[in-house]
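First to last, the protein sequences are chains H and B.
For what it's worth, this note's numbering labels the leading residue of the first sequence as 1, then goes sequentially.
For what it's worth, this note's numbering labels the leading residue of the second sequence as 314, then goes sequentially.
Right, one structure below, let's go through it.
Number of protein chains: 2
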Amino acid sequence: MNFELTILGTGSATPVLTRNNTAHYLLIKHKGYLIDCGEGTQFELLRNKIGASWIKYIFITHLHGDHYFGLIGLISTMTMHRRTEDLYIFGPKGLSEILTLQFQHSGTWLNFKIHFVETETEKHYLLFENEDVTVHTIPLVHRVPCCGFLFKEKSRKRNIIKELKPQDITVEQIKALKNSEDLVNEDGTILYSFEKYTTPAPNIISYAFCSDTKFHEPIIDIIRGVDYLYHEATFLHELLPRATQTNHSTAKQAGEIAKAAQVGQLIIGHFSSRYKDVSPLLEEAQTVFPNTILAEDGLVLKFTNLVNEPVLE
Amino acid sequence: MNFELTILGTGSATPVLTRNNTAHYLLIKHKGYLIDCGEGTQFELLRNKIGASWIKYIFITHLHGDHYFGLIGLISTMTMHRRTEDLYIFGPKGLSEILTLQFQHSGTWLNFKIHFVETETEKHYLLFENEDVTVHTIPLVHRVPCCGFLFKEKSRKRNIIKELKPQDITVEQIKALKNSEDLVNEDGTILYSFEKYTTPAPNIISYAFCSDTKFHEPIIDIIRGVDYLYHEATFLHELLPRATQTNHSTAKQAGEIAKAAQVGQLIIGHFSSRYKDVSPLLEEAQTVFPNTILAEDGLVLKFTNLVNEPVLE
Chain H
1 MNFELTILGT
11 GSATPVLTRN
21 NTAHYLLIKH
31 KGYLIDCGEG
41 TQFELLRNKI
51 GASWIKYIFI
61 THLHGDHYFG
71 LIGLISTMTM
81 HRRTEDLYIF
91 GPKGLSEILT
101 LQFQHSGTWL
111 NFKIHFVETE
121 TEKHYLLFEN
131 EDVTVHTIPL
141 VHRVPCCGFL
151 FKEKSRKRNI
161 IKELKPQDIT
171 VEQIKALKNS
181 EDLVNEDGTI
191 LYSFEKYTTP
201 APNIISYAFC
211 SDTKFHEPII
221 DIIRGVDYLY
231 HEATFLHELL
241 PRATQTNHST
251 AKQAGEIAKA
261 AQVGQLIIGH
271 FSSRYKDVSP
281 LLEEAQTVFP
291 NTILAEDGLV
301 LKFTNLVNEP
311 VLE
Chain B
314 MNFELTILGT
324 GSATPVLTRN
334 NTAHYLLIKH
344 KGYLIDCGEG
354 TQFELLRNKI
364 GASWIKYIFI
374 THLHGDHYFG
384 LIGLISTMTM
394 HRRTEDLYIF
404 GPKGLSEILT
414 LQFQHSGTWL
424 NFKIHFVETE
434 TEKHYLLFEN
444 EDVTVHTIPL
454 VHRVPCCGFL
464 FKEKSRKRNI
474 IKELKPQDIT
484 VEQIKALKNS
494 EDLVNEDGTI
504 LYSFEKYTTP
514 APNIISYAFC
524 SDTKFHEPII
534 DIIRGVDYLY
544 HEATFLHELL
554 PRATQTNHST
564 AKQAGEIAKA
574 AQVGQLIIGH
584 FSSRYKDVSP
594 LLEEAQTVFP
604 NTILAEDGLV
614 LKFTNLVNEP
624 VLE
């Protein structure tokens, strides 16, 4: 069991030396998921000792440069590292064409297959699932087509209690018990009751990534009860007109979304370059939603279940 | 009079944290010229306190990512900074299409005009000139179309001697003297002789940028007698087969080019990520051409005239 987030960049469009462009790396049960990939992300992966080869899935919210200009470089590096494993890229219309044109002009022949999946950014739907997680889109409102992503672990298995030794039971029997099935003898009597020999499955963990967007209440129903919500907070609320004009959110608005959606913890980021000190943004969000933290470049968060209620679809 | 180089990146294709991707910033008489623009160049400009707005001309050698992936981000930033001044971009076929496609999908409307000039990479010709410099192409041999650039100051003017005071002479007369013209009285007698009232023009400075290329002797005639030669030296000569296979040069080969071309100083760079310590590359080049230095990220070189012979065309 693990669900770990590494924040690689917390800046917004105008580059500053103190904050990198947006990229979040999720490690869920030994598989790597990258959300957004601003310019320089591959260097931040290096800096954070995350192998490019660990990334199996890449999710791009929208085609503004601070969210995807690093993707072509990352893929080129994967090629140079002789990657052979398939790569899945989810992103808006245009992304595949942009990458393909550049491979063509650089004479790049990929050693691995890229599966491009075009996101329907205006629709909330199940975009992807594997044995570990589901990923739903979260329609956002920005200057270009944009959607966030809701990562949700699949139901976990029950845990076998320590008293039951491996020599007493087969692998198949363990699986059955973990799936809440009793093991019965040939005569139908119970050999091992799952209730006796397992403990309840831990609650699942969920993470919603929402950047970039103007204040948009329809996302509340989608992200209700998530354990962790990353929501952009580009501006202080005193700059609400600027936020509205540029289709971004204020820290207060991020707090309001988190409060209304009853999330476990709010992480704010995508700070305007005008804020050298971002603590006022934190304070503003906390006035509405106290359990808010600041995204920081290089911050690693080991996620745990915070909200016991199951996440609503 | 100034001609100054800032080296922004010295790495090769595989990213390392100790060396950035290729980009050289030239400041020639208060105008900025950028040669190549690998991923992250805009951050290196910030780090070296070079304003993106100072760049008037951008020269891209070829379409491998470590030489141009940073260009789209730099231009996007220029737009965000509300640039209005025209920008000139010189590069191989495909560059304009790659940039335009990305502007389109990001909904970017430039506030300034970009003049794209497609380079004929296989031909040595005058690509560009303004009042200060000429820039010729240097055909290189690489895996994709690639050319280097030869920057050469235009002939300098003679300098007026201090004894001649501004009140004695008009601006037009000063220009004439600096252009080696005598000032004559109405009766044809000499008022001021240019030889008496001016000192000879200083020698011009020239800089040749050659990356990426395999060892390619035809460039020698083009770069003969330049004051400064930047030549790639991706590998030590013990890896000559690898250099040949990948169309790169060894440090020894870079030295041989510099020696044959009788340049003033050789600067080597574009080091393979395998070399943590690049001093053996320097030593190797110096065995052939002693006046060699290592390119270093952030190194600033104030160029002076080193080779008194005029540069041959």
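The beta-carbon is built from N, C-alpha and C at its ideal position, and this holds for glycine as well.
All values reported here derive from a predicted model rather than from experimental measurement.
Asked: Cross-strand partners of E442/B (DSSP beta bridge); Found: T447/B
Asked: Test item: CB-CB of G91/H and G353/B under 7 Å; Found: no
Asked: Helix, strand or coil at F522/B according to DSSP, with G and I counted as helix; Found: strand
Asked: For F602/B, the first and last residue of its enclosing beta strand (DSSP E); Found: Run containing F602/B: none; DSSP gives neither H nor E here.
Asked: C-alpha distance - I219/H paired with S106/H, whole-angstrom precision; Found: 40 Å
Asked: Identity of the residue in N315/B, T323/B, T617/B nearest G611/B by Cα; Found: T323/B
Asked: V454/B versus L549/B: straight-line alpha-carbon distance, rounded; Found: 19 Å
Asked: Contiguous alpha helix (DSSP H) assignments of at least 4 residues, all confined to the segment 518-572 of chain B; Found: 532-536, 553-558
Asked: Reduced DSSP secondary structure (H/G/I, E/B, other) of R360/B; Found: helix
Asked: Residue-chain proximity (P513/B, chain H), Cβ-Cβ < 7 Å; Found: no
Asked: Buried or exposed by the 16-neighbour rule on C-beta atoms within 10 Å, applied to I474/B; Found: exposed
Asked: Same chain only: Cβ atoms within 7 Å of L496/B, ignoring 5 sequence neighbours per side; Found: Q486, A489, L490, L504, Y505
Asked: Bridge partners - P200/H, DSSP secondary structure assignment; Found: P200/H pairs with nothing; no bridge assigned.
Asked: Min CB distance G269/H to chain B below 7 Å; Found: no
Asked: The beta strand (DSSP E) enclosing H337/B, as first and last residue numbers; Found: 336-341
Asked: In DSSP terms, what R143/H is bridged to; Found: According to DSSP, which records beta bridges pairwise, R143/H is partnered with nothing at all.
Asked: Three CB pairs or more closer than 8 Å across the segment 470-484 of chain B and the segment 509-526 of chain B; Found: yes
Asked: Residue range of the unbroken alpha helix (DSSP H) whose run includes T319/B; Found: No alpha helix (DSSP H) holds T319/B; the beta strand (DSSP E) holding it covers 316-322.
Asked: Residues of its chain near I518/B, where Cβ-Cβ distance is below 6 Å and the 5 sequence neighbours each way are ignored; Found: F316, E466, D540, F616, N618
Asked: With 16 other Cβ atoms within 10 Å as the buried cut-off, status of D525/B; Found: buried
Asked: Residue-level contact to chain H via CB, L414/B, 7 Å cutoff; Found: yes
Asked: Reference G255/H, options R274/H, P241/H, Y230/H, closest by Cα; Found: Y230/H
Asked: Close-in-space but distant-in-sequence residues of the same chain around D399/B (CB under 7 Å, 5 per side omitted); Found: F425, K426, H428
Asked: Contacts that F382/B makes with chain H (C-beta to C-beta distance below 9 Å); Found: E39, F69, G70, I72, G73, S76, Q102
Asked: Span of the alpha helix (DSSP H) around V484/B; Found: 484-491
Asked: Cβ neighbour criterion (16 or more within 10 Å) applied to T14/H; Found: exposed
Asked: Neighbourhood of Q42/H by C-beta distance below 8 Å, restricted to the same chain and skipping five residues each side; Found: A52, G70, G73, L74, T77
Asked: Rounded Cβ spacing between Y520/B and F584/B (contact assumed at less than 8 Å); Found: 20 Å between Cβ atoms; not a contact.
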